[in-house]
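Presented below is the structure to which this report refers.
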Amino acid sequence: MILLQVIVGGLLLGAVYALFSSGLTLIWGMMNFINFAHGEFVMLGMYAALLVVLYLGGGPVGFGAAAALALFLLGVAVYAALIRHVVRGPMLSQILSTFGLALLLRYTAFFIFSANFVSLPQTSLAGTLNIGGIFLPVAQLVAGAVAITLTVALHLLLTRTTIGSRLLAVAEDRSAAMLMGIRPDRMQALAWGLSAGAAGVAGALLATAYPWSPSVGETFGLIAFVTVALGGFGSVLGSLYAGLIIGLIEAVSAYWLGAIYKDIVVYGLFVALLWLRPQGLMGKA
Amino acid sequence: MIKIAPKGAGLCLLAAALLLFPFLFPDPFYQDIGVAFLLAAISASAWNIVGGYAGQVSVGHAMFFGLGAYAPLLFYTLFGWPPLAAIPVGILLSVALAVLIGLPTFRLSGHYFSMATIAVAELIRIFFGTWALVGGAIGLQGPAVARGWWDLTFRGDLAYYYIFLAVLGLLLFVTYEVGRRRFGFYLRAIKASERAARSLGVPVRLTKLKALALSAAFTSAAGSLYAVKTGFIDPDSGFGILVSVQMVIVAALGGAGTLFGPLVGALILVPLQSAANTWFGGGGSGLTFIIYGGIIVLIARFEPGGLLDLWRRLVPRLRRRAHAA
Chain Z
8 MILLQVIVGG LLLGAVYALF SSGLTLIWGM MNFINFAHGE FVMLGMYAAL LVVLYLGGGP
68 VGFGAAAALA LFLLGVAVYA ALIRHVVRGP MLSQILSTFG LALLLRYTAF FIFSANFVSL
128 PQTSLAGTLN IGGIFLPVAQ LVAGAVAITL TVALHLLLTR TTIGSRLLAV AEDRSAAMLM
188 GIRPDRMQAL AWGLSAGAAG VAGALLATAY PWSPSVGETF GLIAFVTVAL GGFGSVLGSL
248 YAGLIIGLIE AVSAYWLGAI YKDIVVYGLF VALLWLRPQG LMGKA
Chain D
2 MIKIAPKGAG LCLLAAALLL FPFLFPDPFY QDIGVAFLLA AISASAWNIV GGYAGQVSVG
62 HAMFFGLGAY APLLFYTLFG WPPLAAIPVG ILLSVALAVL IGLPTFRLSG HYFSMATIAV
122 AELIRIFFGT WALVGGAIGL QGPAVARGWW DLTFRGDLAY YYIFLAVLGL LLFVTYEVGR
182 RRFGFYLRAI KASERAARSL GVPVRLTKLK ALALSAAFTS AAGSLYAVKT GFIDPDSGFG
242 ILVSVQMVIV AALGGAGTLF GPLVGALILV PLQSAANTWF GGGGSGLTFI IYGGIIVLIA
302 RFEPGGLLDL WRRLVPRLRR RAHAA
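Protein chains in written order, with my numbering: chain Z, 8 to 292; chain D, 2 to 326.
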């Protein structure tokens with residue numbers, strides 16, 4: 008019974024991993040670009056939720072939407088001010104731009120919020136449900152369900168709507184898309200907004216269930232790398248499966264080996280993937 | 002490759018300044034900064050071979066630095082080996098690790114290499130933190146009192162200063178030779194365009210692998226020097242992400258892919274860091290990394306060539322203006 012509880016808890020956390028990783032994979036698919044600050048976007052989403060709860064009040068829907076909007080705007084701003092200028096530059100600029108941004112955001116958060124762990128004050132999601140002998144915090148259940156829904160929604164947005172077609176057209180062939188009357192710059196700004204927005208919501212969802220400090224950005228950033236590598240670069244659906252798998256592996260290895268070893272198992276999986284299947288589970292070579 | 006390598010006179014001046022520095026500034030405070038400067042310059046120059054010349058941006062070079070740092074203290078703790086004897090072991094381990102990482106990742110795009118390096122460095126850091134043999138989270142200590150010169154345990158900074166300076170000299174010589182030879186031209190061709198280089202018959206993967214191995218060897222040596230100087234190592238000071246950051250920012254600020262870029266970067270950043278620590282006290286380190294992040298972003302956005310490149314473009318313009326006046 009305990010193992011079953013661990014598995015369900017891992018899958019629910021994995022769903023949130025899937026949501027923020029889908030943002031990272033979207034940017035990779037769009038522009039062959041890895042955002043090293045993605046984990047910091049998740050971390051900022053958590054603090055955005057906290058600030059809204061502390062100073063504006065409102066329920067989970069309110070702070071969730073606020074975190075999404077704040078990070079969407081941040082994503083667009085980062086694209087307009089930084090990424091747009093480095094994306095066709097040398098490799099050094101591409102990698103250093105978001106790597107530097109990650110440091111800037113992480114240590115600014117340390118400076119403002121201090122290194123202490125914080126958690127959201129009691130929300131309406133407090134309490135525990137007993138489902139056939141498995142005890143699950145409501146917050147985790149809601150976070151997992153919302154995360155899966157949003158990840159699938161992002162997948163549908165990309166594959167079933169005009170906006171999605173435009174985004175994919177720019178990803179496929181920038182100049183051809185331009186000839187079709189699509190503005191690549193706008194589409195890429197939108198992709199950055201969606202990507203950071205997904206990270207922001209995921210952060211708000213995590214904040215309802217877990218305590219955190221500014222250093223979680225690094226952990227979540229690495230988890231997003233592993234998820235994207237497992238699911239295949241550029242595949243939102245792939246990152247959904249991969250997120251669930253990684254949540255599961257993490258929970259089970261923490262249960263069997265102890266909490267400190269779960270990161271070793273997850274990063275070890277990444278190294279194994281590098282060797283055995285660098286294109287990911289669903290990715291094309 | 003345009004160089005403003007201080008040719009002839011400039012080079013002699015630089016060498017003389019570095020050789021005489023401890024006598025011009027005998028104060029221990031300045032000697033400490035001098036040693037820190039040399040260590041930062043060595044690490045960044047080592048990173049520069051693969052990150053700058055070959056354009057393969059590693060953000061996890063701490064893995065080689067950490068291996069190099071742990072080797073002398075580990076073999077001293079376990080078997081009482083003199084640290085000097087274990088430095089080559091650290092170098093061998095680092096080269097093996099470099100090959101292990103380079104083989105799979107160099108088949109893929111450059112971003113993949115960066116992600117892999119950061120993940121592997123973190124993996125090793127966490128692993129060392131849980132491994133009792135290497136001291137776990139507490140770390141390892143070196144000999145408290147030297148049994149002989151081979152323990153590399155000296156009082157004061159002077160001996161370390163000249164050892165570090167010799168290693169830096171060797172590294173700069175190797176880098177200069179690399180830049181001049183066919184291997185160096187291969188590296189630059191790969192950096193400019195991997196596909197074009199391959200179509201012209203450059204053995205791309207082998208060249209990248211060699212560059213990474215060479216870079217790993219010197220980074221490992223830098224780690225060993227750090228460990229024998231400090232006499233202490235733990236997972237964060239060996240494998241922490243900030244160790245990697247320091248190498249990247251020092252090289253990129255001065256000019257990645259240039260011989261003297263890392264020296265220029267270290268010359269600016271090391272005194273800046275020590276000044277920040279003096280001004281802001283303990284809280285200064287956090288602020289230092291905010292500034293580091295900001296500098297990295299600004300370099301990436303405006304001056305990917307670093308300060309040396311900026312200087313190269315500014316000097317002719319100023320000269321022209323002076324002529325016109």
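Every residue, glycine too, gets a C-beta built ideally from N, C-alpha and C.
Problem - Where the alpha helix (DSSP H) containing F174/D begins and where it ends - result: Here the question's residue 174/D lines up with position 173 in the second sequence. Per DSSP, F174/D belongs to the alpha helix (DSSP H) from 159-181.
Handout entry: Distance between A236/Z and Y113/D (C-alpha atoms, nearest Å)
Key = Position 112 of the second sequence, counting from 1, holds the residue named residue 113/D. Position 229 of the first sequence, counting from 1, holds the residue named residue 236/Z. Rounded to whole angstroms, Y113/D to A236/Z spans 9 Å at the Cα level.
Exercise for the section: Write down the C-beta distance between Y293/D and L188/D rounded to the nearest angstrom, noting that I regard them as a contact closer than 8 Å. Expected result: On the second sequence, position 292 is the one that residue 293/D refers to. On the second sequence, position 187 is the one that residue 188/D refers to. The Cβ separation is near 27 Å, so there is no contact.
Handout entry: Cα-Cα separation, I9/Z to I297/D
Key = Residue numbering aside, residue 9/Z sits at position 2 when the first sequence is read from its first letter. Residue numbering aside, residue 297/D sits at position 296 when the second sequence is read from its first letter. The straight-line gap from Cα to Cα measures roughly 47 Å.
Practice task
State yes or no: is the beta carbon of Q57/D nearer than 9 Å to at least one beta carbon in chain Z?
Solution key: One-based indexing of the second sequence puts residue 57/D at position 56. Chain Z contact via Cβ: present.
Problem - Cα-Cα separation, L280/Z to G61/D - result: Residue mapping note: residue 280/Z aligns to position 273 of the first sequence, counting from 1. Residue mapping note: residue 61/D aligns to position 60 of the second sequence, counting from 1. Cα to Cα, L280/Z sits roughly 18 Å from G61/D.
Practice task
Would you kindly work out how many angstroms separate the C-alpha atoms of L212/Z and I119/Z, rounded to a whole number?
Solution key: Within the first sequence, the letter at position 205 stands for residue 212/Z. Within the first sequence, the letter at position 112 stands for residue 119/Z. Rounded to the nearest angstrom, the two C-alpha atoms are 22 Å apart.
Exercise for the section: Could you tell me which chain Z residues have their CB closer than 8 Å to the CB of R108/D, listed as they occur along the chain? Expected result: Here residue 108/D is taken as the residue at index 107 of the second sequence, counted from 1. Result: P285.
Exercise for the section: Would you mind sorting L315/D into buried or exposed? The rule is 16 or more other CB atoms within 10 Å of its CB. Expected result: Stepping through the second sequence from its first residue, residue 315/D is reached at position 314. Under this definition L315/D is an exposed residue.
Exercise for the section: Could you list the residues in the stretch 82-93 of chain Z with a C-beta less than 9 Å from some C-beta on chain D, going in chain order? Expected result: A88, L89, H92, V93
Exercise for the section: Decide if the stretch 66-74 of chain Z is in contact with the stretch 222-240 of chain Z; the criterion is three or more beta carbon pairs, one per stretch, under 8 Å apart. Expected result: no
Practice task
Within its chain, find whatever has a CB closer than 8 Å to the CB of P7/D; leave out the 5 residues flanking it on each side and keep chain order.
Solution key: For this step, residue 7/D is matched to residue 6 along the second sequence. Caution is warranted here: a pLDDT of 48 is assigned to P7/D, below 50, making its placement in the model unreliable, and no coordinate value can be reported.
Handout entry: First through last residue of the alpha helix (DSSP H) which encompasses N49/D
Key = Taking the second sequence and counting its residues from 1, the one referred to as residue 49/D is at position 48. Looking at the DSSP string, the run of the alpha helix (DSSP H) that includes N49/D is 29-49.
Practice task
Specify, as a first and last residue, the run of the beta strand (DSSP E) that P128/Z falls within.
Solution key: On the first sequence, residue 128/Z is found 121 positions in, with the first residue counted as 1. P128/Z -> no beta strand (DSSP E), and no H or E assigned at all.
Exercise for the section: Along the beta strand (DSSP E) that carries F142/Z, what are the first and last residues, could you check? Expected result: Position 135 of the first sequence holds residue 142/Z. Where F142/Z is concerned, the enclosing beta strand (DSSP E) stretches over 141-144.
Exercise for the section: Kindly list the residues whose CB is nearer than 6 Å to the CB of L98/D, restricted to its own chain and excluding five residues on each side of it in sequence; keep chain order. Expected result: Counting from one through the second sequence, the residue named residue 98/D turns up at place 97. Counting only Cβ-Cβ distances below 6 Å, and skipping sequence neighbours, we find nothing.
Problem - C-alpha gap between V273/Z and V259/Z, whole angstroms - result: By one-based count along the first sequence, residue 273/Z stands at place 266. By one-based count along the first sequence, residue 259/Z stands at place 252. Their Cα atoms are separated by approximately 11 Å.
Practice task
Return no unless some Cβ of chain Z is closer than 9 Å to the Cβ of G180/D.
Solution key: Walking along the second sequence from the start, residue 180/D turns up at place 179. It does not; no Cβ of chain Z falls within 9 Å.
Exercise for the section: Specify the secondary structure class of I34/Z as computed by DSSP and reduced to three states. Expected result: Here residue 34/Z refers to the residue found at position 27 when the first sequence is read from its first residue. Three-state result, I34/Z: helix.
Exercise for the section: Using a Cβ cut-off of 7 Å, pull out every chain Z residue sitting near L124/D, in sequence order please. Expected result: Within the second sequence, residue 124/D is the residue found at index 123, counting from 1. Correct list: I271, Y274, G275, V278.
Practice task
Could you have a look at L201/D and say whether DSSP puts it in helix, strand or coil?
Solution key: Along the second sequence, read from residue 1 onward, the residue named residue 201/D stands at position 200. L201/D: coil per DSSP, three-state reduction.
Problem - Whole-angstrom C-beta distance between F27/Z and A231/Z, which should lie under 8 Å - result: Here residue 231/Z refers to the residue found at position 224 of the first sequence. Here residue 27/Z refers to the residue found at position 20 of the first sequence. Going by Cβ atoms, the distance from A231/Z to F27/Z rounds to 6 Å, so yes, they are a contact pair.
Problem - Backbone secondary structure at F233/D - three-state DSSP - result: Here residue 233/D refers to the residue found at position 232 when the second sequence is read from its first residue. Note: F233/D maps to strand in three-state DSSP.
Problem - Which of helix, strand or coil DSSP assigns to I291/D - result: Mapped onto the second sequence, residue 291/D falls at position 290. Three-state DSSP puts I291/D in a helix.
Handout entry: Collapsed DSSP secondary structure at T135/Z in the structure displayed
Key = Walking along the first sequence from the start, residue 135/Z turns up at place 128. In the structure shown, T135/Z sits in a strand (DSSP, three-state: E or B).
Practice task
For L141/D, name the three-state secondary structure that DSSP assigns.
Solution key: To locate residue 141/D, count along the second sequence from 1; it is residue 140. Here L141/D sits in strand by DSSP.
Exercise for the section: For the alpha helix (DSSP H) containing A88/Z, list its first residue and its last residue. Expected result: Looking up residue 88/Z in the first sequence gives position 81. Segment: none, A88/Z is in no alpha helix (DSSP H) and carries neither H nor E.
Practice task
Give the interface partners of M116/D over in chain Z, defined as CB-CB distance under 7 Å, in chain order.
Solution key: Here residue 116/D refers to the residue found at position 115 when the second sequence is read from its first residue. Within 7 Å Cβ-Cβ: I41, F232.
Handout entry: Three-state secondary structure assigned by DSSP to W219/Z
Key = Taking the first sequence and counting its residues from 1, one reaches residue 219/Z at position 212. Three-state result, W219/Z: strand.
Exercise for the section: Using three-state DSSP, classify E304/D as helix, strand or coil. Expected result: By 1-based counting over the second sequence, the position of residue 304/D is 303. The answer is coil: DSSP assigns E304/D none of H, G, I, E or B.
Practice task
State yes or no: is the C-beta of V251/D within less than 9 Å of the C-beta of D158/D?
Solution key: In the second sequence, the residue the question calls residue 251/D occupies position 250. In the second sequence, the residue the question calls residue 158/D occupies position 157. Against a cut-off of 9 Å, the Cβ pair of D158/D and V251/D comes out as no contact.
Exercise for the section: Work out the CA separation of L20/Z and K4/D for me, nearest whole Å. Expected result: In the second sequence, counting from the first residue as 1, residue 4/D sits at position 3. In the first sequence, counting from the first residue as 1, residue 20/Z sits at position 13. Only weak support is given to the placement of K4/D: the predicted model assigns it a pLDDT of 49, under 50, and the value that follows is read from those uncertain coordinates. Taking the straight line joining both Cα atoms gives about 53 Å.
Handout entry: I250/D - DSSP class collapsed to helix/strand/coil
Key = The residue given as residue 250/D occupies position 249 in the second sequence. In this structure, I250/D counts as helix in the three-state DSSP scheme.
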